[in-house]
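In what follows, a single structure is set out as structure tokens and then discussed.
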Amino acid sequence: SRKLKILINNWLIYIYIYSLASAEGKKQLIYVSGYAPTRRQSEVKKERKRRTLKMGICWGCPTPSTTAHLSSVISQTTSNTASSTATSRGSNMSGDSVFSASSGDESSPNDHILPTPNLRIFSFAELKSATKNFRPDMVLGEGGFGKVFKGWLDEKASGKSGSGTLVAVKKLNPESLQGFEEWQCEVNFLEKLSHPHLVRLLGYCWEDKELLLVYEFMQKGSLENHLFGRGCTVQSLDWNIRLKIVIGAAKGLCFLHTANNQVIYRDFKASNILLDGSYTAKISDFGLAKFGPSASQSHVTTRVMGTCGYAAPEYVATGHLYVKSDVYGFGVVLLEILTGLRALDPNRPSGQCNLVDWAKPYLSDRRKLNNIMDQGLDGKYPPKAAFQIAQLALKCLVPEPKNRPSMKEVVETLEQIKSINENPKEPRNRSARRHGKQSLRHRSPLAPKHGVR
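Below, the structure written as structure tokens:
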């Protein structure tokens, strides 16, 4: 993708050009928008709202003549707008133009989408029929990207609802430029990645201005809904299911970090962990994913995006994104699993709004930890395993990325906690008890040589 920035008639114009493949063949999309900057900083927000220039979206194959025509249209449009504004405000605007071009920072992995045997290209009519014309009662969720609908796909069923393969259809909001970038990024990542703990992308639709993604349907919804949802249909997760979920999510994240082309997920949170009918966790929504740094670099630099409360402090402060920035987000989810509380909640009492800041002092003391454990567990959890996970969360949340464990180490530690939890062994005598205690101190690859007291 390319991003062009042009200053014409004192208007700041952004032109985004994307290359895509559709059912009709390869096309290009041009998105143009702009606004008139103001001199007074306090007026910027008002000006942007009042004078944003949405020139629209153009589909096709640009040529030098169409590019020249586009520039002419922009100049004429901004000139007319500027003239009317100048008349009303009594100001003079320069007609000088300054041009600069740069590749978009948030470009997709390959900057284009190519047909692949792994993905099916759906028609808009197919998905419209599958979702009953995108009826409101078919909505599964909604976000900045758009809405996610439940649907049934079966060519033989001739669009009959309630039959065929159940899927989730994500429909792009046509007004969302960021949504388009995330749509393109998600297709490019998920067509190459396959793992039991990543949500499977079945295909996509690009028809006129309609952009959609089709996923496997996850019967149990999101981890967020189970932890924080309300109503009689929401059941609290027991300890074993919680452990199964975090292990599955950790394996998915570990796969991304250890792939041939390393991937930084960048938005790990409870709402992006989906659950199938047997509570197998699968990571979804790759709209913000980035390829990891090259061998000679420790991080990639990018504009800060993600979710407050989950984003690593070094990323928020500097824009430097490390592989272990994902580990921090995983640590936050571990705290949510233990406490049943959201990462950020302004409705909690003063001092408790930020879960990480509030919970940290409780994680190093077994007796204190009991005070913040999720009441939905009703006390039915192994205290030793809960404390071990609390210790793991602390390691994931350390300020320095290099001091956090890798996701491979996280998976190994969680598997060992699960093994101990499933096969508890009571020592027969004091000597055996001491020996068992000593061996436990060395089981975790994260534990120091002399154990954790």
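Numbering (mature numbering (1 follows the signal peptide of the UniProt record, and there is no 0)), first residue to last: -23 to -1, 1 to 430. Think of the CB as a built atom: it goes at the ideal place given N, C-alpha and C, for glycine as much as any other residue. Everything numeric in this text was worked out from a predicted model, so none of it was measured.
With fewer than 16 other CB atoms across the displayed protein chains lying within 10 angstroms of its CB, N238 is exposed. Collapsing the DSSP output to three states places L315 in a helix.
Residues of the same chain with a CB within less than 6 Å of the CB of G353, apart from the 5 flanking positions on each side, are S213, G317 in chain order.
Here Y299 carries a coil assignment [DSSP, helix/strand/coil]. Contiguous alpha helix (DSSP H) elements confined to the segment 166 to 254 occur at 200 to 205, 216 to 235, taking only those with 4 or more residues.
Exposed is the label assigned to V293, since fewer than 16 other Cβ atoms lie within 10 Å of its Cβ.
By the C-beta density criterion, N165 is buried, having at least 16 other C-beta atoms within 10 angstroms. Here L230 is near D303, since their CB atoms are less than 8 Å apart. Rounded to whole angstroms, the separation of the alpha carbons of P323 and S383 is 31 Å. Take the alpha-carbon of E168 and the one of N95: they are about 6 Å apart. Contact between A367 and L340 holds, since their C-beta atoms are separated by about 4 Å, short of 8 Å. A289 is positioned such that its CB atom lies no closer than 8 Å to that of L312.
DSSP places L374 outside both helix and strand once states are collapsed to three, so it counts as coil. Exposed is the label assigned to T295, since fewer than 16 other Cβ atoms lie within 10 Å of its Cβ. DSSP places L321 in no alpha helix (DSSP H); its state is neither H nor E. Under a 10 Å Cβ-count criterion, V300 is classified as buried, with 16 or more other Cβ atoms of the shown protein chains found around its own Cβ. The beta-carbon distance between V144 and G123, rounded to whole angstroms, is 16 Å. This is too long to meet the 8 Å contact definition.
Taking the Cα of C373 as reference, the smallest distance to any Cα among L117, E119, A227, C162 is reached at A227. Under the DSSP assignment, A107 falls in the alpha helix (DSSP H) whose first and last residues are 101 to 107. A check of alpha carbon separations from Q274 across D262, L265, L298 identifies L298 as the nearest. In the DSSP assignment, K259 falls within the unbroken beta strand (DSSP E) covering 258 to 260. Rounded to the nearest angstrom, the gap between the Cα atoms of N348 and E193 is 39 Å. By the beta-carbon neighbour count (other beta carbons within 10 angstroms, threshold 16), V281 is exposed. Taking 8 Å as the cut-off, the Cβ atoms of E163 and S100 do not count as close. Pairing F126 with L104, the inter-Cα distance amounts to about 10 Å.
Looking at C182, G225, Q161, the one whose alpha-carbon comes closest to that of K395 is G225. When secondary structure is reduced to three states using DSSP, K379 falls in the helix class.
Here A102 is exposed, its C-beta having fewer than 16 other C-beta atoms within 10 Å. Distance between V277 and P270, taken at the CA atoms: about 5 Å. Nearest neighbour of L188 by Cα position, chosen from F307, D342, I98, C285, turns out to be I98.
If you draw a 10 Å sphere on the C-beta of G264, you find 16 or more other C-beta atoms in it, and that means buried.
By the beta-carbon neighbour count (other beta carbons within 10 angstroms, threshold 16), E152 is exposed.
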